[in-house]
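Novice: Protein chains in written order, with this note's numbering: chain A, 28 to 466; chain B, -1 to 165.
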């Protein structure tokens, strides 16, 4: 069987299995083991087992449950809610003020969490009802929550970047530093969009009545001070990574301890909080890791069959300039993002794409930021848009999945714009790592 | 979704205990950082133990997630089908999953067997048999996943026979 046929059968088969509704973990795994047996016999399966074993023993992978645990504790404490209230109180009568405050709060939460889901649920429960009550344009409000809540995995720390770094062997700390500026640019683009829309049409984002925004300064300050400790934890975690004091895993573990300490200081540390947060972490990790096992099996056999060389020839055969190749890859990732989870995409596509990209003389750190931005699109794009599903779970019943998906388009466009910006100006991603003394 | 099979319940119970490993990992890693920076006395065991505990928890997480059928899937197509066709599709999914898990179990069991024959150890300062334990745990998890899926298959078959939508 030629490698071309194998490629078509493997990826075609994967798409069919996914559309049939087979969980991603089992679909990728099934393709992996079936092709291993078909091409290399039953003994070839040893390779699958040993790849999975190697994967689960990566030290940096330990940071994944730590970041998830940290986020789960934060969600269960009142910190996130206070953050939103604090932002609300401190904003004036800006057009679209409440949506912009939601975005500021989402960005700050993004700096505390590395995964999407919890943040969207939280904003959906806290911010969405407020915006709807003030008579905000529904689509603008929904889009704000979905796009803002997805920032969790763009603004460092980010689980997406941890897995990317692991897959292509790039220091995760450097990736975090590189993603910071593009993440903030994305968040600023969202805010600018909300501001402009509401400025042009004030009925889209009416301000809150004065009675709600006026509050004695002392109360405002008290609200703000309750956030000092959690924000300090964030600074501590990210600071130690950026300054290279602790490894990413150690910083994440310190983040867990710091978050627990902050919750304790606020009088919110109860056993149920820790227990439920740990349980949620286990389920999330169980899904992430077994999906990784499946994907690593599939890409392992594809590598052995000579897949990467085939794709490289295919792409260089397109006779495109290097930048054109990068854009083609981005398009492929965006399409994959419509039907697949980011972990699957990262483990399947990056081992093939990144060597080609570095062969063209580009930085794998820069490409990692592009990948991360691309996955922001995948959270929102139908039919498989996790952000929409998370919001649907907590939104008022009259908000349908179709309405959510129809609301996110402007934000997907903004994500694409920022993606193109980082492609055109790689310095957006590479300036800070160089400043921090990276490669 | 509430698990109705005993094996699913067992997977969830094990998962509940395993989830506490993450808290342990956070605690001992923080201990290591403090020992290193405050007392300049880095430990020799934290690194190895954290990797081992995390891997063990990851392995346990698979069956725990499967118990609630929490593994991510795209349900656009199945959602459009009639309850009966959905049940039929579910049966097909279960069968395909069984093929995967059967082959994976074979691979995992062989791996564990080879590791057990040599009593494989980590080869580090601690030289613990952690690779052997992990490989054995992984094989057990594969068997559990297989049995869980058999349970799901039986349940989906009875849904199909009764003509109702699967859970």
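For every residue, glycine included, the Cβ atom is placed at its ideal position computed from N, Cα and C.
Excluding sequence positions up to five away, which residues of its chain have a Cβ less than 6 Å from the Cβ of residue 279 of chain A?
Specialist: 90, 93, 94
Novice: Decide if residue 154 of chain B is buried, meaning its Cβ has at least 16 other Cβ atoms within 10 Å, or exposed.
Specialist: Residue 154 of chain B comes out buried.
Novice: Against chain B, does residue 77 of chain A count as a neighbour if the rule is that its beta carbon must be under 8 Å from one of theirs?
Specialist: yes
Novice: Considering residue 330 of chain A, what are the terminal residues of the alpha helix (DSSP H) in which it resides?
Specialist: 298 to 331
Novice: Would you decide whether residue 424 of chain A is buried or exposed? Buried here means 16 or more other CB atoms lie within 10 Å of its CB.
Specialist: exposed
Novice: Where residue 106 of chain A and residue 253 of chain A are concerned, what is the direct C-alpha to C-alpha distance, given to the nearest angstrom?
Specialist: Those two C-alpha atoms are separated by around 8 Å.
Novice: Using a Cβ cut-off of 7 Å, pull out every chain B residue sitting near residue 96 of chain A, in sequence order please.
Specialist: 20, 24
Novice: Please report how far the alpha carbon of residue 273 of chain A lies from the alpha carbon of residue 28 of chain B, in whole angstroms.
Specialist: When rounded, the distance between both Cα atoms is 11 Å.
Novice: Ignoring anything shorter than 4 residues or poking outside the stretch 351 to 395 of chain A, list the alpha helix (DSSP H) runs there in chain order.
Specialist: You should have 369 to 386.
Novice: Considering just the uninterrupted stretch of the alpha helix (DSSP H) at residue 122 of chain B, what are its terminal residues?
Specialist: Per DSSP, residue 122 of chain B belongs to no alpha helix (DSSP H) and is neither H nor E.
Novice: Is there a Cβ from chain B that is less than 8 Å from the Cβ of residue 349 of chain A?
Specialist: no
Novice: So, does the CB of residue 1 of chain B fall closer than 8 Å to a CB anywhere in chain A?
Specialist: In this predicted model, residue 1 of chain B has a pLDDT of only 46, less than 50, meaning its place in the structure is not dependable enough to derive any value.
Novice: Are there 16 or more other CB atoms within 10 angstroms of the CB of residue 35 of chain B, so buried, or fewer, so exposed?
Specialist: exposed
Novice: How is residue 281 of chain A classed by DSSP in three states: helix, strand or coil?
Specialist: helix
Novice: Mapping DSSP to helix, strand and coil, what is residue 339 of chain A?
Specialist: helix
Novice: Locate the alpha helix (DSSP H) running through residue 83 of chain B, then write down its first and last residues.
Specialist: Boundaries of the alpha helix (DSSP H) around residue 83 of chain B: 81 to 115.
Novice: Would you list, in sequence order, the uninterrupted alpha helix (DSSP H) runs of no fewer than 4 residues that lie entirely inside the stretch 34 to 111 of chain A?
Specialist: 51 to 67, 72 to 83, 90 to 103
Novice: Cβ closer than 9 Å: which chain A residues qualify as neighbours of residue 48 of chain B?
Specialist: By Cβ distance, chain A contributes 86, 89, 276, 280.
Novice: Using only CA atoms, which one of A/433, A/87, A/198, A/102 lies nearest to residue 463 of chain A?
Specialist: Here the closest residue by C-alpha is A/198.
Novice: So which residues on chain B does residue 310 of chain A lean against when the C-beta distance must stay under 9 Å?
Specialist: 13, 17, 59, 62, 63, 66, 68
Novice: Quick check: the stretch 70 to 84 of chain A against the stretch 132 to 152 of chain B, are at least 3 beta-carbon pairs closer than 8 Å?
Specialist: At 8 Å Cβ cutoff, the stretches touch.
Novice: For residue 420 of chain A, I'd like the list of residues in its chain whose CB is within less than 6 Å of its CB, leaving aside the five on either flank, ordered along the chain.
Specialist: none
Novice: Whose CA, out of B/40, B/64, B/91, lies closest to the CA of residue 43 of chain A?
Specialist: B/91
Novice: Given a threshold of 16 other Cβ atoms within 10 Å of its Cβ, counted over all protein chains shown, does residue 161 of chain B qualify as buried or as exposed?
Specialist: In the assembly as shown, residue 161 of chain B is an exposed residue. Its beta-carbon has fewer than 16 other beta-carbons within 10 Å.
Novice: Pull up the CB-CB distance for residue 48 of chain A and residue 76 of chain B, whole angstroms please, since I reckon it's below 8 Å.
Specialist: 4 Å
Novice: Examine the Cβ distances between the stretch 87 to 107 of chain B and the stretch 335 to 346 of chain A and report whether three or more of them are shorter than 8 Å.
Specialist: no
Novice: Return helix, strand or coil for residue 401 of chain A, following the three-state DSSP convention.
Specialist: helix
Novice: Put residue 438 of chain A into one of helix, strand or coil per three-state DSSP.
Specialist: Here DSSP, grouped into helix, strand and coil, assigns residue 438 of chain A to helix.
Novice: Determine the chain B residues that contact residue 314 of chain A at a beta-carbon separation under 8 Å, and present them in chain order.
Specialist: 59, 63, 68, 69, 70
Novice: By Cβ distance, which residues of its chain are closer than 8 Å to residue 312 of chain A, with the 5 residues on each side in sequence left out?
Specialist: 91, 92, 95
Novice: May I ask you to report which of helix, strand or coil DSSP gives residue 165 of chain B?
Specialist: coil
Novice: Please say whether residue 201 of chain A and residue 460 of chain A have beta carbons closer to each other than 8 Å?
Specialist: yes
Novice: Let me know the secondary structure DSSP gives residue 24 of chain B once reduced to three states.
Specialist: When DSSP states are grouped into helix, strand and coil, residue 24 of chain B belongs to the helix group.
Novice: Please report the residue range of the alpha helix (DSSP H) in which residue 120 of chain A lies.
Specialist: Element bounds for residue 120 of chain A: n/a, residue is neither H nor E.
Novice: Quick check on residue 369 of chain A - is its C-beta less than 8 Å from some C-beta in chain B?
Specialist: no
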